[in-house]
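Q: Let me give you the structure first, and then I'll get to my questions.
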Amino acid sequence: MKRVLMVVFSVFVFQVCAAPVLNFEMRMSKFRSAIEYANTKHHEKEFQRLIQDLGWSESLNNPYSINCIGCFGEWQFSESTLRFLGYRKITLKNFQKDPEIFPRDLQLEALKGLIKVNMSYLRHYQHFIGDTIDNIVITKSGMIAASHLGGAGSLIKFLKSEGKINRQDVLGTSIGDYLSKFGKYELE
4 MKRVLMVVFS VFVFQVCAAP VLNFEMRMSK FRSAIEYANT KHHEKEFQRL IQDLGWSESL
64 NNPYSINCIG CFGEWQFSES TLRFLGYRKI TLKNFQKDPE IFPRDLQLEA LKGLIKVNMS
124 YLRHYQHFIG DTIDNIVITK SGMIAASHLG GAGSLIKFLK SEGKINRQDV LGTSIGDYLS
184 KFGKYELE
C-alpha cells in the first residue's frame, strides 16, 4: 500500500511540476514560429521596397520609359540582358512600337529572374557582406542593386579590388553609388 501511495504521489508531483515546463515549451515553440513568420514577412516587404526604390531610381517607376542608351522599362533593361534571360522577342524597336509587349508584371518577372542569376554568380562573394569597402558597408541589397546597374562581373571587380575598380554606367552612376544607395534594406 505504501508503495502504491508513493507511486501515485510521485506521478501527481511529476504532473504538477512538469505541466508548467511542458506548457512553457509549447508557448516558446509557438513564439518562435510567430517570430520566424514575422521575420519572413519583414524580409519580403523589404525586398518589395528595394524593387520599388530601384524602379524609382532607374525610371521614376515608369514601365514605358526608354533612356538615352536604349534601355527600357521600369528597371531599364538592355536588349542583351533580356535576350540572355530568354525574352528574345522583346526588343527596343518592338517596345517602341508597342510598349504593351513588355507589361510591368512581365518586367517584374524579368527583374526577379535577373536577380536570381546575378545572386547565383555572386554566391562565392557572399563573404563580403558586412565588410566595409571604400566607406561602404556591403549588404545583400546593395549587391543586388549594384549588379543590376553594372552586372555581376563589375561588382565582383569592385569587391576583389577593394573598391579600386569602380565602374560607372554611361550616365556616371558607379557600382559604389548603388552599393551605398541601396545598402539599407534588411534582406535574408
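Residue numbers for the sequence shown follow our numbering, so the first one is 4 and each next one is one higher.
Just so you know, even glycine gets a beta-carbon here, dropped at the ideal spot from N, CA and C.
1) Go ahead and label Tyr90 buried or exposed: buried means 16 or more other beta carbons lie within 10 angstroms of its beta carbon, across all protein chains shown.
2) Are the CB atoms of Ser177 and Arg170 within a distance shorter than 8 angstroms?
3) Given a cut-off of 8 angstroms on the beta-carbon distance, is the pair Leu2 and Phe75 in contact?
4) Which residue wins for smallest C-alpha separation from Glu191, given the options Thr43, Ala37, Tyr67, Asn26?
5) Have a look at Asp56, Gly186, Gln51 and flag the residue whose alpha-carbon is nearest the alpha-carbon of Asp134.
6) From the DSSP output, read off the bridge partner residues of Gln171.
7) Among Asn64, Asn138, Ile104, Lys143, which one has its Cα closest to the Cα of Ser123?
8) What are the start and end residues of each continuous alpha helix (DSSP H) run of 4 or more residues lying completely inside the stretch 75-124, in chain order?
9) Among Asp172, Tyr188, Gly154, which residue has its Cα nearest to the Cα of Phe87?
10) Please name the residue in Phe105, Trp78, Ile168, Asn70 whose C-alpha comes closest to that of Ala148.
11) Relative to the C-alpha of His151, which candidate in Ala113, Arg35, Gly73, His130 has its C-alpha closest?
12) Measuring alpha carbon to alpha carbon, tell me which of Ser36, Asn70, Glu28, Gly166 ends up nearest Phe131.
A: Working from what's here:
1) The residue given as residue 90 occupies position 87 in the sequence shown. Buried: at least 16 other Cβ atoms inside 10 Å.
2) Counted from its first residue, the sequence shown places residue 170 at position 167. Counted from its first residue, the sequence shown places residue 177 at position 174. For Arg170 and Ser177, yes; Cβs fall inside 8 angstroms.
3) Outside the shown range of the chain (4 to 191) lies residue 2, about which nothing can therefore be said.
4) For the purposes of this step, residue 191 is identified with residue 188 of the sequence shown, where counting begins at 1. Comparing Cα-Cα distances from Glu191 to each of Thr43, Ala37, Tyr67, Asn26, the minimum goes to Thr43.
5) One-based indexing of the sequence shown puts residue 134 at position 131. Comparing Cα-Cα distances from Asp134 to each of Asp56, Gly186, Gln51, the minimum goes to Gly186.
6) Working through the sequence shown from its first residue, we reach residue 171 at position 168. DSSP lists Ser177 as partners of Gln171.
7) As a first step, residue 123 must be located in the sequence shown, where it is residue number 120. If we check each option's Cα against that of Ser123, Lys143 comes out closest.
8) 82-87, 95-100, 107-124
9) If you number the sequence shown from 1, residue 87 lands on position 84. Ranking Asp172, Tyr188, Gly154 by Cα distance to Phe87 puts Gly154 first.
10) Within the sequence shown, the letter at position 145 stands for residue 148. Ala148 has its Cα closest to that of Trp78, out of Phe105, Trp78, Ile168, Asn70.
11) If you number the sequence shown from 1, residue 151 lands on position 148. Of the listed residues, the one whose Cα sits closest to His151 is Ala113.
12) Translated into positions along the sequence shown, residue 131 becomes position 128. Comparing Cα-Cα distances from Phe131 to each of Ser36, Asn70, Glu28, Gly166, the minimum goes to Gly166.
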